[in-house]
Amino acid sequence: MKRSLIYIWLVGLMFASCDLNINDDPNYPGNSSITTDLEFPAVQNYIAATSCDIMFNYAGFFAQYFEQMPEANQFNVLAELSISESNQTIDRAYRNLYAGALQDIEDIKSKTDNTADLFAATVMRAFCFQLLVDNMSDAPYTDALNGNAQPTWDDGETIYKGVLAELDAAEEALANSSDQMTMTDMIFSQDIEQWKGYANALRLRMYLRMYDADNSVQSKITELVADNNFFTGDVKLDIYADESGNRSPFYASYYELGTGNHVAAHPLVSYMNETADPRIEYAISKAAATNSYVGQFCGAKVDLASWRKSAGSDWKNVDVSAINYSLFDDSGVSRPGFLFTQAELQFFIAEVESRFNNDNVAAKAAYEAAIAADFSARGISGADDFLAQDIVNWDKNTDKQKLIGMQKWVALFYMDNMEAWSEIRRTGYPELSSYTAKQIYDDPTLYTPGDLVLNYRSSLDNQNSLMKRMYYPLKARQLNQNTPDASGYYGGTPVWWDVN
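Residue numbers (mature numbering (1 follows the signal peptide of the UniProt record, and there is no 0)): -22 to -1, 1 to 478.
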């Protein structure tokens, strides 16, 4: 079984690198003879190669987890938010989702009427479109994946409501049958109850994103939490090993190839230091010069040397904390690809219980369960001692939504960077500092640990903004005349649900 999974992963990577039109059949050799049993693992691998690798990388910069290592330059455009369509930052993710995962799901739908298999495929399809909307706001949806070479692009609200309706219809069909899953399933091992729980968690995530733009979904949010029919554990692909071609996606892309580009950003390190958080050792190394955790100001790599030199410090020996791709216990090579963590789910529940239900007891229980789940997922001990500190203790903090938001931001670090970026945009936590990076560098007392800081060098149209959305793919612009005109927006323009 292990060998077959590795083979499927290699096939997935091969097609992920192809330059495919999103509306073309991928034209696999012998496509008509490939069974759904083989195609569904490919769907899951395409998605992992997107959210746990490509999006994981750039969202890590936007969530102010990552910064560009001073000695390297590969991700300067991400650190300095100087991204444009010509950089093709999202192009490979776009191909993975459309020509890979979504096209395979369409093929599965054409080959089976098994309602359990179709439900699981629909859940994966909903997640794909959630990712696309959260990145670009618009995407081809109603007119895509049907052989049309020039699909129209739908607005994000239409897509969100459309896939949520698809989930409801697929679950209703499942409820009226006795079907069991037959497809190979690398996430839940064909446990359809877990798939239902995952679908409900996706609904909760999407309805919470929709809420500020459409308050009518509040009843759906509270009903989901009241029913409490969610997945257990984490939603993850735990299939990777220390074998060539089968290593964890982010590790394989950014460490195995010999690149060293990521250091920890100042906001994350400052907050974890302030809260004495033992999870800081997970994926962050101590700076060698000081044997301490030191974060770098976002977008200030070029300027920091002159700042330090002008201050008379020994600026050449100043060191910052690197991102440890191998993790503190060398498990990065086989680290799972996380698609939805139990910690994120429990933080959502805590928010709903506090914000909508005014149930402090239930909210506290979910908040503490979220932190315990994150400590456990990372293999870190000490959750109870951590929660006993006033600075993160539920009972000692009056602003519950901020506390949830800050700890969710920490819990999503290096677990699901894409969702962290989305949650920052939705909730406004962490908050944005009113001081520039240079002002904080000159006078650290001005800074509240954990506050985000405007990238010191930034090419955003709105210089008072963090990154709000991704640009459309260059390949879509070149191949599809219906790709929306982007002249009226840049990275500082919010996606449809980001109305705050």
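Cβ atoms here follow ideal geometry from the backbone N, Cα and C, with glycine treated the same way.
> Any idea what DSSP makes of Ile301, helix, strand or coil?
Replying inline: strand
> CA-CA distance, Gly470 and Leu432?
Replying inline: 12 Å
>> Taking the straight line between their C-alpha atoms, what separation do you get for Val203 and Ile327?
In response: 6 Å
> Taking C-alpha atoms, which residue in Leu365, Val247, Phe208, Asp69 lies nearest to Gln456?
Replying inline: Asp69
>> My assumption, with CB atoms under 8 Å, is that Val473 sits in contact with Arg447. Please give the rounded CB distance.
In response: 5 Å
>> Please classify Lys294 as buried or exposed, where buried requires at least 16 neighbouring CB atoms within 10 angstroms.
In response: With a pLDDT of only 47 at Lys294, under the threshold of 50, the placement of this residue in the model should not be trusted, and no figure is reported.
> Just to confirm, does Pro48 get its C-beta within under 7 Å of one of the non-hydrogen atoms of the ligand SAM?
Replying inline: Here there are no bound small molecules, and the ligand SAM is not part of this structure.
> In whole angstroms, what is the alpha-carbon distance linking Leu96 and Ala50?
Replying inline: 46 Å
> Can you list, in chain order, the stretches of the alpha helix (DSSP H) that have 4 or more residues and sit fully within the region 336 to 424?
Replying inline: 338 to 356, 361 to 365, 378 to 390, 395 to 405, 415 to 420
> Can you tell me the Cα-Cα spacing of Glu17 and Thr160, whole angstroms?
Replying inline: 12 Å
> Alpha carbon to alpha carbon, what distance is there between Pro408 and Ser299?
Replying inline: 21 Å
>> Taking the beta carbon of Lys374 as the centre, do at least 16 other beta carbons fall within 10 Å, making it buried, or is it exposed?
In response: exposed
> In whole angstroms, what is the alpha-carbon distance linking Phe53 and Phe34?
Replying inline: 13 Å
> Taking Asp212 as the reference, which of Gln108, Met114, Phe353, Ala153 has the closest Cα?
Replying inline: Phe353
> According to DSSP, is Trp131 helix, strand or coil?
Replying inline: strand
> Which partner residues does Ile262 have in the DSSP bridge list?
Replying inline: Ile301
> How would you call Gly38, buried or exposed, if buried means at least 16 neighbouring beta carbons within 10 angstroms?
Replying inline: buried
>> Only counting the same chain, and skipping five residues up and downstream in sequence, which positions put a Cβ closer than 7 Å to that of Trp173?
In response: Phe97, Ala98, Val101, Phe166
> So what does Val213 bridge to, in DSSP terms?
Replying inline: Phe318
>> What does the Cβ neighbour count give for Gln459, buried or exposed, with the cut at 16 atoms within 10 Å?
In response: exposed
>> I'd like to check one pair, Val111 with Gly134: are the Cβ atoms closer than 8 Å?
In response: yes
>> If distances are taken between C-alpha atoms only, which option among Ile402, Ser437, Ala148, Phe228 comes closest to Ile61?
In response: Ser437
> Which of helix, strand or coil does DSSP assign to Leu432?
Replying inline: coil
>> On a Cα-Cα basis, can you pick out the residue from Asp368, Ala340, Gly383, Leu305 that is closest to Ala355?
In response: Leu305
> Just to confirm, are Leu410 and Gln417 a CB contact at a threshold of 8 Å?
Replying inline: no
> Start and end of the beta strand (DSSP E) containing Phe275?
Replying inline: Unbroken run through Phe275: none, as it is neither H nor E.
> Below 8 Å between beta carbons: does that hold for Tyr43 and Leu182?
Replying inline: no
>> Could you pull the DSSP bridge partners for Val241 from this structure?
In response: Glu45, Ala300
>> Quick check on this structure: which residue in Gly428, Asp255, Lys264, Val339 has the alpha carbon closest to the alpha carbon of Ser359?
In response: Asp255
>> Can you tell me whether Arg(-20) is helix, strand or coil according to DSSP?
In response: Caution is warranted here: a pLDDT of 35 is assigned to Arg(-20), below 50, making its placement in the model unreliable, and the coordinate value is therefore given only provisionally. Residue state, collapsed to three classes: helix.
> Between Tyr392 and the rest of its own chain, which residues show a CB-CB distance below 6 Å, the 5 nearest in sequence each way excluded?
Replying inline: Ala261
> Hey, which unbroken runs of the alpha helix (DSSP H) at 4 residues or more fall wholly within the region 88 to 151?
Replying inline: 93 to 114
> Where does Trp293 fall in DSSP's three states?
Replying inline: Note that Trp293 scores a pLDDT of 44, beneath 50, so its modelled location is shaky and nothing firm can be said.
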